[in-house]
Amino acid sequence: MIEAAGVSWRYGAHPVIDGVSVAARPGRMLGLIGPNGSGKTTLLRLLYGALRSATGTVTVDGDRLGGLGSREAARRLAVVVQETGGETALTVGEMVLLGRGPHLGTFQRAGAADHAIAARCLARVGAAHLGTRAFAGLSGGERQRVLIARALAQQATHLLLDEPTNHLDIRYQHEILRLVRGLGTCAIVVLHDLNLAARYCDDLVLLGDGGVVAAGTTDEVLEPKILEPVYGIGVRRLELDGELHLLFHPNEEAT
Ligand code: ADP
């Protein structure tokens, strides 16, 4: 479980996150949604400790994140962020093997079991055939899948992903989110696409200007009357075959 209580962040004088509290519960997938610039990435960075809030606390399974050593933090939190490793000379296989780092001793090299885990994780994201390729030479979608494989190889108890479906075609958008959901690991995912959030997230936090506009189950948050003022667009909600779908109407007056 990851819990943030009263965390804040400002860039210069501009408060982006202001006294925000969120909780990602065991075995559940929490989506962070909101318009561009609403602070989703900033909040995610606070939740994995890349940014340290001057106020409030972030805890992972009850322990303060700031008090965990980097190795222990990496055993608990695996992070997939945009634009990682573009300059690296590593092969794809080596990149995924980096995920084993937190499980190795200081001078210990990856062994056969680590290689097997890395290969299995690469296969799970449909990228087994890329193992010997240079990571830097991959397309955006291929890189994204490899970075997710690296996070899986880390075998952390929590997974945090910043727009993991960016660059992916529609099939892999669904495959990756289904895979993450199927892990049964506590996951926090920044998502742009509200219909992907509808399908895969258990809980959602909707960010607006500086803070949380709504938080609750996906069903509770994805209400037209909640979304319309935040996004400034007309929203219709449909249930088809037991699945929630949203339709957007740019020409309608938002209420
Ligand atoms: P989102 O992920 O919802 O698009 P971000 O967390 O990336 O939002 O950004 C929130 C706000 O903070 C935006 O107004 C953005 O311009 C600003 N911001 C983000 N990163 C920086 C930075 N490094 N320096 C200054 N402002 C930033």
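In the UniProt record's numbering, the protein residues as written are 1 to 255.
Cβ coordinates follow ideal geometry from the N, Cα and C atoms, glycine included.
If you're wondering where the values come from, they're calculated on a predicted model, not measured in any experiment.
Residue nearest to residue i in terms of C-alpha spacing, selected from the options
i: Leu30; options: Leu44, Gly208 and Gly19; result: Leu44
i: Thr165; options: Leu196, Gly182 and Val235; result: Leu196
i: Asp61; options: Ile2, Thr106 and Tyr172; result: Ile2
i: Arg143; options: Arg100, Gly93, His174 and Ile17; result: Gly93
i: Ala119; options: Val146, Leu207 and Ala187; result: Val146
i: Arg133; options: Leu90, Gly105 and Gln154; result: Leu90
i: Val230; options: Pro35, Ala112 and Leu246; result: Pro35
i: Asp209; options: Arg10, Ala149 and Ala4; result: Arg10
i: residue 261; options: Ala127, Ile233 and Glu220; result: This structure cannot speak to residue 261, because the chain is shown only from 1 to 255.
Heavy atom of ligand 2 within 7 Å of residue i beta-carbon
i: Ser38; result: In the structure shown, ligand 2 is absent; the only ligands present are ligand 1.
Residue span of the alpha helix (DSSP H) that contains residue i, given as start and end
i: Met1; result: Per DSSP, Met1 belongs to no alpha helix (DSSP H) and is neither H nor E.
i: Gly141; result: Gly140 to Ala153
i: Pro229; result: Pro224 to Tyr231
i: Gly93; result: Val92 to Leu97
i: His115; result: Ala112 to Arg124
i: Asp18; result: Per DSSP, Asp18 belongs to no alpha helix (DSSP H); it is in the beta strand (DSSP E), His14 to Ala24.
Opening and closing residue of the beta strand (DSSP E) in which residue i lies
i: Val79; result: Leu77 to Val80
i: Thr41; result: Unbroken run through Thr41 is the alpha helix (DSSP H), Lys40 to Leu47; no beta strand (DSSP E).
i: Cys201; result: Unbroken run through Cys201: none, as it is neither H nor E.
i: Thr217; result: Val212 to Thr217
i: Glu239; result: Gly234 to Leu240
Cα-Cα separation between residue i and residue j, rounded to whole angstroms
i: His192; j: Arg109; result: 39 Å
i: Val20; j: Val212; result: 7 Å
i: Thr55; j: His129; result: 46 Å
i: Ala73; j: Pro250; result: 43 Å
i: Glu223; j: Arg237; result: 7 Å
i: Leu207; j: Val80; result: 20 Å
i: Leu32; j: Ile176; result: 17 Å
Min CB distance residue i to chain C below 8 Å
i: Ala5; result: The structure shown contains no chain C; it holds only a single protein chain.
Inside the region 161-202 only - alpha helix (DSSP H) runs reaching at least 4 residues: Fully enclosed alpha helix (DSSP H) runs of 4 or longer: 170-183 and 194-200.
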